[in-house]
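Chemist: To start, I am sharing the structure in question, which I have written as structure tokens.
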Ligand code: GLN
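This is how it looks when you write it as structure tokens:
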């Protein structure tokens, strides 16, 4: 991060905003401003180049066809991969998560290359689509409270040896391969199946990204009351429907 300004990049709102994940950008932006940071938010459409100078990049979920187009364009553009190799922080949801992996099955039923920034491979699940509230315990290394989110995906994701599971599910499917894991992370690249938007339900994840960007261990406290009320409501919903 240069001076006191955080550069936040929201990738391809024209293709990957179907599931409301743009809320993640709002929450990260707000939590940063509450800590006195100046935020430059850049929404990059799929016909524009991805800047390489961002601090935090967010990418959301989408339907199968927009997912294919987004992966093709990101691969051709190369900017997100360059940003990641410069140490930028990437947080991806669902279709975005699959795109950051090595490959996934696209809307035409063929294997499509991803960016390979996460050591994961996605295929299409044979079982019913995974839909519903999820409650999971986040990797203890990340020191975060339980993860609450909403999943809606057909794809299932297998982790390779370099990726760590982001969380272990208590209720719900997560990666959907039967090992109980949800999402993946390695270094500063994160992937999850959780919508919600996930940052609105888990503002501590937004804070984690900010701490990584600022290279600090702690942030001044923020008012979490509204987030906490939402968390409690959704955690109750996940446990009731289980
Ligand atoms: N199209 C992908 C799937 O069904 C991703 C869906 C999503 O982003 N919610 O697996």
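Numbering (UniProt numbering), first residue to last: 1 to 242. Glycine included, each C-beta is placed from N, C-alpha and C at the ideal position. These numbers were taken from a predicted model, which means no experiment stands behind them.
Measuring alpha carbon to alpha carbon, tell me which of 194, 163, 75, 189 ends up nearest residue 169.
Modeler: What you label residue 169 is simply residue 169 of the chain shown in a count that begins at 1. The option with the nearest alpha carbon to residue 169 is 194.
Chemist: Please confirm if the segment 218-228 is in contact with the segment 56-73, defined as three or more CB-CB distances below 8 angstroms between the two stretches.
Modeler: No, the segment 218-228 does not touch the segment 56-73.
Chemist: In this structure, does DSSP put residue 57 in helix, strand or coil?
Modeler: Within the chain shown, residue 57 is the residue found at index 57, counting from 1. Looking at residue 57 - three-state DSSP - the assignment turns out to be strand.
Chemist: With which residues is residue 137 paired in a DSSP beta bridge?
Modeler: The residue you call residue 137 lines up with position 137 of the chain shown. Beta-bridge pairing links residue 137 to 168.
Chemist: Using a Cβ-Cβ cut-off of 8 angstroms (strictly less than) and excluding sequence neighbours within five positions of residue 105, which residues of its own chain qualify?
Modeler: Position 105 of the chain shown, counted from the start, is the residue given in the question as residue 105. Answer for residue 105: 111, 112, 122, 123, 124, 155, listed in chain order.
Chemist: Measuring straight from C-alpha to C-alpha, what distance separates residue 59 and residue 217?
Modeler: In the chain shown, the residue the question calls residue 59 occupies position 59. In the chain shown, the residue the question calls residue 217 occupies position 217. About 25 angstroms.
Chemist: Please report the straight-line C-alpha distance between residue 150 and residue 136, rounded to a whole angstrom.
Modeler: As a working note, residue 150 is residue 150 in the chain shown. As a working note, residue 136 is residue 136 in the chain shown. Distance between the alpha carbons of residue 150 and residue 136 is about 11 angstroms.
Chemist: When the Cβ atoms of the segment 10-27 are set against those of the segment 81-100, are three or more pairs found closer than 8 angstroms?
Modeler: Yes: at least three Cβ pairs fall under 8 angstroms.
Chemist: With residue 79 and residue 50 assumed to form a contact (beta carbons below 8 angstroms), what rounded beta-carbon distance in angstroms separates them?
Modeler: The residue labelled residue 79 in the question sits at position 79 within the chain shown. The residue labelled residue 50 in the question sits at position 50 within the chain shown. That pair is a contact at about 3 angstroms.
Chemist: Does the Cβ of residue 217 lie closer than 6 angstroms to at least one heavy atom of the ligand GLN?
Modeler: Numbered from its first residue, the chain shown carries residue 217 at position 217. Because no heavy atom of the ligand GLN lies under 6 angstroms away, the Cβ of residue 217 does not count as near it: no.
Chemist: Ignoring anything shorter than 4 residues or poking outside the segment 51-124, list the alpha helix (DSSP H) runs there in chain order.
Modeler: DSSP runs (the alpha helix (DSSP H)) wholly in the segment 51-124: 64-77, 79-85, 95-100.
Chemist: So for residue 152, helix, strand or coil by DSSP?
Modeler: Taking the chain shown and counting its residues from 1, the one referred to as residue 152 is at position 152. In this structure, residue 152 counts as strand in the three-state DSSP scheme.
Chemist: Could you give the residue range of the alpha helix (DSSP H) that holds residue 23?
Modeler: In the chain shown, the residue the question calls residue 23 occupies position 23. Taken as a continuous stretch (DSSP letters only), the alpha helix (DSSP H) holding residue 23 covers 22-34.
Chemist: Buried or exposed: which applies to residue 175, given that a residue is buried once 16 or more other Cβ atoms fall within 10 Å of its Cβ?
Modeler: Within the chain shown, residue 175 is the residue found at index 175, counting from 1. Looking at its Cβ environment, which holds 16 or more other Cβ atoms inside 10 Å, residue 175 is buried.
Chemist: In the DSSP output, what is residue 17 paired with across the bridge?
Modeler: Taking the chain shown and counting its residues from 1, the one referred to as residue 17 is at position 17. Partner(s): none; residue 17 has no beta bridge.
Chemist: CB-CB under 7 angstroms to residue 117, same chain, minus the five flanking residues each way: which ones, in chain order?
Modeler: Locating residue 117 in the chain shown gives position 117, counting from the first residue. Only 81, 84, 90, 100, 189 meet the Cβ criterion.
Chemist: Using a threshold of 6 angstroms, is the CB atom of residue 152 nearer than that to any non-hydrogen atom of the ligand GLN?
Modeler: Along the chain shown, read from residue 1 onward, the residue named residue 152 stands at position 152. Because some heavy atom of the ligand GLN lies under 6 angstroms away, the Cβ of residue 152 counts as near it: yes.
Chemist: Work out the CA separation of residue 210 and residue 109 for me, nearest whole Å.
Modeler: Residue 109 sits at position 109 when you count from the first residue of the chain shown. Residue 210 sits at position 210 when you count from the first residue of the chain shown. Spanning the two alpha carbons is a distance of roughly 37 angstroms.
Chemist: To the nearest whole angstrom, what separates the beta carbons of residue 102 and residue 114, a pair I think is in contact under 8 angstroms?
Modeler: The residue you call residue 102 lines up with position 102 of the chain shown. The residue you call residue 114 lines up with position 114 of the chain shown. About 6 angstroms separates the two Cβ atoms, so the contact holds.
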